[in-house]
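Notes to accompany the following structure.
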Amino acid sequence: MPDELPIGYYHTNFCKLLAFVQNRYHDLLTHAERACIDDFHDLTPDAQRLFVRLLTRKGPLYRSDRLAYEEIGETEKALDELSSAGFVFALSRNDGEHEWHRIGVSNAEFPEAADEESKGNNGLDTEAVEVSQASAVDVSDVSVEGASKDAVLALLTRHELIALLKTGSTSRRSQLVAEATQLPVAAIVQHLPFRVVMTRRLQEVTCFRLLFFGNTHQNLTEFVLRDLGVAPYETYTIDETSRFFTCRDHVEEVRRAYEISDHCHHLLETPDVTHIERFAGDFPEQISVRATRLLDRTRNQMARQLERMQAEDAALAIYQQSQTHPARERQVRLLIAGDCLGDALLLVNRMLAEPWNEDELEFAYLSKHRILKKLGQPTTPPVRCQPIVNDLVLEAETDLRVEELVRRHYEQQGYQAHYVENALFPGLFGLLFWDVIFSHQPGVFFNEFQRGPVDMFDSRFVSSRQPLIDECFISLSSGNYRHRIRSTFRHKFPAVNYFVHWGMLDEVLLETCLDRIPADHLASVFRRMLRDLRNNRSGFPDLIVFPPGSGYELIEVKGPGDALQKHQRRWFGHFERENIPARVAKVEYAS
DNA sequence: ACCCACCACGCAGTA
DNA sequence: TCGCGTTTAG
DNA sequence: TACTGCGTGGTGCTAAACGCG
Ligand SMILES: [Mn+2]
Ligand SMILES: [Mn+2]
332 MPDELPIGYY HTNFCKLLAF VQNRYHDLLT HAERACIDDF HDLTPDAQRL FVRLLTRKGP
392 LYRSDRLAYE EIGETEKALD ELSSAGFVFA LSRNDGEHEW HRIGVSNAEF PEAADEESKG
452 NNGLDTEAVE VSQASAVDVS DVSVEGASKD AVLALLTRHE LIALLKTGST SRRSQLVAEA
512 TQLPVAAIVQ HLPFRVVMTR RLQEVTCFRL LFFGNTHQNL TEFVLRDLGV APYETYTIDE
572 TSRFFTCRDH VEEVRRAYEI SDHCHHLLET PDVTHIERFA GDFPEQISVR ATRLLDRTRN
632 QMARQLERMQ AEDAALAIYQ QSQTHPARER QVRLLIAGDC LGDALLLVNR MLAEPWNEDE
692 LEFAYLSKHR ILKKLGQPTT PPVRCQPIVN DLVLEAETDL RVEELVRRHY EQQGYQAHYV
752 ENALFPGLFG LLFWDVIFSH QPGVFFNEFQ RGPVDMFDSR FVSSRQPLID ECFISLSSGN
812 YRHRIRSTFR HKFPAVNYFV HWGMLDEVLL ETCLDRIPAD HLASVFRRML RDLRNNRSGF
872 PDLIVFPPGS GYELIEVKGP GDALQKHQRR WFGHFERENI PARVAKVEYA S
């Protein structure tokens, strides 16, 4: 792992990203996107580098005097070039109000978004796929990118603000900005000692990122962190032929879904029933699973906010459109609270027939019992496991988490004790199933920056890798799993993945676990995890303790007033059925 | 008005 | 002068 | 006891530079 990156590393990385997009997605690109790539390559090296530098910095506004880079010879020239090629706006004090207005800087309180390409529906090539009408909901008002008077003022230092206001005041920056906002644009801009640079074509670049990574949260720093050895990724076989997106409609959907979810996030900051109801009730129809899930999660969040604002009917209406947990659970709660027991029962029966996950199923059992009881019909409460509870009286210690307190308590009793929570069993799972997780399968690895295959958390993970999974369980019977886990731990450290949090494990803990935990216990835990990897990755007990000699026990620590959570309870039910030693340590403080 | 974001967890308040 | 939060770079 | 809202802490490096107060 090199400590140093080659000069121009960021530019190389961006070019790799572009090349990937062009090779793999040429047919899905719009005119504007293709032009963006072509125009970029027509730029001189300096201009290319400068544009990428801008992309890796916080924008969209920059001051030209803060764009000095050793490897970029003439910044001002590069800026001019970027400006005429349409990659940036670069405005100076010599530009008139009209120019500033174009980038959103104007005297009006809410300037019209002037940046035409930000709302433009980029026309598609005749050879390219048509964008479906279904996704043609107007979200231009949520995707406005552009500057503002305040954004320009944010570029100024305190001293520059003072000079601008011609006050000798010693007020704090925010106060100065508030005063300066009152000034007309012309006055603010009049003496700017630098050019204000605004990146353009961000829509296109965002789309390239989405096509490359398959999401919006990964970016160019992934390359850097990998190349520095900070977050190396496993080297798996990348499928040349299959892609994250197979048609333009899906790209548009996912992009729009991200925009909508962003916008909702902002709506939640100043919640207003009518706004939320109107916006969240009118999400576009989705075809792709990814966009659907994203929007459903957003629906759930918005509806939850409506609940908090006592808008129950509005919340119900939103939940009804969501196919993602806990939409039906929330509906049932609302229906019961509103005394619509008949409707609640209907929904509960649908949940029982086709539960979305175990959490929902459990809730359905419980609420069916409650509804029937309210209706005066005969019913029995669902049985729940009764974990063994140990009461512990300990001296409270400041600055120590209760888990750590109990861990030390066990240590004082001569136990080896580790605070592992979700790092242990999922970690062992990841180590044993490593080769399964990263095995070559059609259409699951698309780029070099994945923590696992795309189907990691849906049922296809198991169904399409059954023989490989069987092998792992065979190794558990034969005893070979120990070697497998050890060797993965040594050889794969510190590769990024979904299950192994390297920092939480060490060889001592690992060896003790391999020595003390019977293979069939591991097997039964792994089987339950595999039933639903998304949800059964968590809920594991806080501690694992090893008494002197032999054996082990899992300990869930509970401070005063804390109780088992639902997913923790489900694991305890599993431990009970499988004779896996586990108990709750209930702490009281001696005072 | 993009001030992480997401999630798991603990805790304290409420019925 | 110094500590703090933010931004940047590798 | 269940449910809820809220706060916190981890994940997902780290050193250096800069503006601020
Ligand atoms: Mn815990
Ligand atoms: Mn606990």
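At the far end of the first sequence sits residue 922, using my numbering, and the numbering has no gaps.
Backbone N, C-alpha and C define an ideal beta-carbon position, used for all residues, glycine too.
Keep in mind the model is a prediction, meaning the values are calculated, not measured.
Buried versus exposed call for His522 [16 or more other C-beta atoms within 10 Å across all chains shown]: So His522 counts as exposed.
Nonlocal neighbours in the same chain, by C-beta distance under 6 Å from Gly745, ignoring five residues either side: The answer, listed in chain order, is Pro879.
N-terminal and C-terminal residue of the beta strand (DSSP E) that Ala932 is part of: Because the chain spans 332 through 922 in this model, residue 932 falls outside it and cannot be assessed.
Beta strand (DSSP E) segment containing Arg424, residue limits: No beta strand (DSSP E) holds Arg424; DSSP gives it neither H nor E.
Local conformation of Arg914 per DSSP, three classes: Three-state result, Arg914: strand.
Cβ-based neighbour list, Arg394, same chain, cut-off 6 Å, excluding 5 preceding and 5 following: The beta carbon of Arg394 is closer than 6 Å to those of Leu486, Phe525 in its chain, skipping five residues each way along the sequence.
8 Å Cβ shell around Glu919 - same chain, five flanking residues per side excluded: Around Glu919: Asp722, Leu723, Val724, Leu725, Pro891.
Any heavy atom of ligand 2 nearer than 7 Å to the CB - residues listed: Matched residues: Glu734, Asp873, Glu887, Val888, Lys889, Asp893.
Nonlocal neighbours in the same chain, by C-beta distance under 6 Å from Asp446, ignoring five residues either side: The predicted position of Asp446 is uncertain, since its pLDDT is 42 and thus under 50; no value can be drawn from it.
Segments of 4+ residues assigned as alpha helix (DSSP H) that fall wholly inside the region 366 to 409: Qualifying alpha helix (DSSP H) stretches, in chain order: 376 to 387.
Coil, strand or helix - Asn546 by DSSP: Asn546: coil per DSSP, three-state reduction.
His606 versus Leu598: straight-line alpha-carbon distance, rounded: Cα atoms of His606 and Leu598: separation of roughly 8 Å, rounded to the nearest angstrom.
Own chain residues within Cβ distance below 7 Å of Arg628, not counting five before or after: The answer, listed in chain order, is Thr655.
Candidates Leu665, Arg397, Phe351, Tyr341: closest to Val555 by CA position: The closest CA to that of Val555, considering only Leu665, Arg397, Phe351, Tyr341, is found on Tyr341.
Assigned exposure category for Glu458 - 16 Cβ within 10 Å defines buried: In this predicted model, Glu458 has a pLDDT of only 39, less than 50, meaning its place in the structure is not dependable; the value taken from the coordinates is given anyway. Glu458 should be labelled exposed.
Closer than 6 Å: Glu752 CB and nearest ligand 1 heavy atom: Checking every heavy atom of ligand 1 against the Cβ of Glu752, one is found closer than 6 Å.
Beta-carbon proximity list for Ser479, same chain, < 6 Å, skipping 5 on both sides: Excluding residues up to 5 positions away in sequence, Gly435 lie with their Cβ nearer than 6 Å to the Cβ of Ser479 in the same chain.
Coarse secondary structure for Val527, derived from DSSP in three states: In this structure, Val527 counts as strand in the three-state DSSP scheme.
Whether Phe418 touches Arg540 by CB criterion (7 Å): Judged by their CB atoms, Phe418 and Arg540 are not nearer to each other than the 7 Å cut-off.
Cβ neighbour criterion (16 or more within 10 Å) applied to Ala518: In summary, Ala518 is exposed, with fewer than 16 beta-carbon neighbours lying within 10 Å of its beta-carbon over all protein chains present.
Selection from Ile848, Arg503, Asn438 that minimises the alpha carbon distance to Val483: Checking every option, the nearest Cα to that of Val483 belongs to Asn438.
Beta-carbon gap between Ala588 and Ala622 smaller than 7 Å: In this structure, Ala588 sits near Ala622, with a CB-CB distance shorter than 7 Å.
Per DSSP, cross-strand counterpart(s) of Ile875: DSSP, once it has assigned bridges, lists His749, Leu885 as partnering Ile875.
Strand pairing of Val827, partner residues [DSSP]: Beta-bridge partners of Val827 (DSSP): Tyr564.
Residues that Val724 bridges to, as DSSP identifies them: For Val724, which the question treats as bridged, DSSP gives the partners Glu919.
Between the CA atoms of Ile649 and Ser471 - distance to the nearest angstrom: Caution is warranted here: a pLDDT of 34 is assigned to Ser471, below 50, making its placement in the model unreliable, and the coordinate value is therefore given only provisionally. Within the model, the alpha-carbon separation for Ser471 versus Ile649 is close to 23 Å.
Distance, His362 Cα to Val831 Cα: Here the alpha carbon of Val831 sits roughly 43 Å from the alpha carbon of His362.
Span of the alpha helix (DSSP H) around Ile591: Unbroken alpha helix (DSSP H) run through Ile591: 579 to 598.
With 16 other Cβ atoms within 10 Å as the buried cut-off, status of Ile886: Classification of Ile886: buried, given that the 10 Å Cβ count is 16 or more.
Thr843 - DSSP class collapsed to helix/strand/coil: Helix, per DSSP.
Three-state secondary structure assigned by DSSP to Ser466: Because the pLDDT of Ser466 is 33, which lies under 50, any placement of that residue in the model is unreliable, and the number read from its coordinates should be weighed accordingly. DSSP places Ser466 in helix when its eight states are reduced to three.
Whole-angstrom distance between Ile569 and Gly339, CA atom to CA atom: If you draw a straight line from the Cα of Gly339 to the Cα of Ile569, it comes to about 26 Å.
Assigned secondary structure, Cys716 (DSSP; H/G/I helix, E/B strand, else coil): Coil, per DSSP.
Three-state secondary structure assigned by DSSP to Ser471: In this prediction, Ser471 has a pLDDT of 34, which is less than 50 and means its spatial position is unreliable; nothing more can be read from the coordinates.
Closest residue to Leu864 among Ala894, Leu807, Leu841, Phe792 (Cα-Cα distance): Closest by alpha carbon: Phe792.
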